[in-house]
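Numbering (this note's numbering), first residue to last: 256 to 369.
Now the structure itself:
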């Protein structure tokens with residue numbers, strides 16, 4: 256699953272190289288020993304889950320970004336936020352965003368939306 260996260264998508268951090276999202280490759284487990292979503296420390300059960308709002312590369316939870324965009328990613332939301340309140344409205348990464356602009360090619364919508 257972690258390899259799917261590193262694929263460059265339209266909602267990645269805006270920096271792609273060789274078909275990969277640069278920010279997702281930079282993101283690490285909060286202990287700093289492993290890459291994001293490959294944590295092996297005592298926080299692995301939390302760190303390796305892909306639930307809830309995520310940072311723009313989706314490798315870390317929203318507000319817990321640790322790539323070189325962390326100052327922007329973790330900043331207080333100014334203006335309108337998405338339905339979960341964790342991200343700006345135009346950059347929603349909630350588990351079930353209400354916005355139509357969320358089109359991550361690595362995700363499949365298993366909801367009843369048509």
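The C-beta atom is built at its ideal place from N, Cα and C for all residues, glycine as well. Bear in mind that the values here come from a model prediction, so they are computed numbers and not experimental data.
Taking every protein chain shown into account, the CB of residue 306 has fewer than 16 other CB atoms within 10 angstroms, so this residue is exposed.
Here DSSP, grouped into helix, strand and coil, assigns residue 310 to coil. When rounded, the separation of the alpha-carbon atoms in residue 327 and residue 342 is 11 Å.
Under the DSSP assignment, residue 300 falls in the alpha helix (DSSP H) whose first and last residues are 299-302. The Cβ atoms of residue 322 and residue 316 lie no closer than 9 Å to each other.
Under DSSP, the beta-bridge partners assigned to residue 283 are 290.
In the three-state reduction of the DSSP assignment, residue 325 falls in the helix class, which pools H, G and I.
Around residue 289, the same chain offers 283, 295, 296 as residues with beta carbons nearer than 8 Å, after the five sequence neighbours per side are excluded.
Distance from the CA of residue 291 to the CA of residue 279, rounded to the nearest whole angstrom, comes to 8 Å.
Excluding the 5 residues flanking it on each side, residue 298 has same chain C-beta neighbours closer than 8 Å at 284, 285, 286, in chain order.
An exposed status is given to residue 335, since fewer than 16 other beta-carbon atoms sit within 10 Å of its beta-carbon. Within the same chain, and ignoring the five residues on either side of residue 344 in sequence, the residues whose Cβ sits closer than 8 Å to its Cβ are 334, 335, 336, 337, 354.
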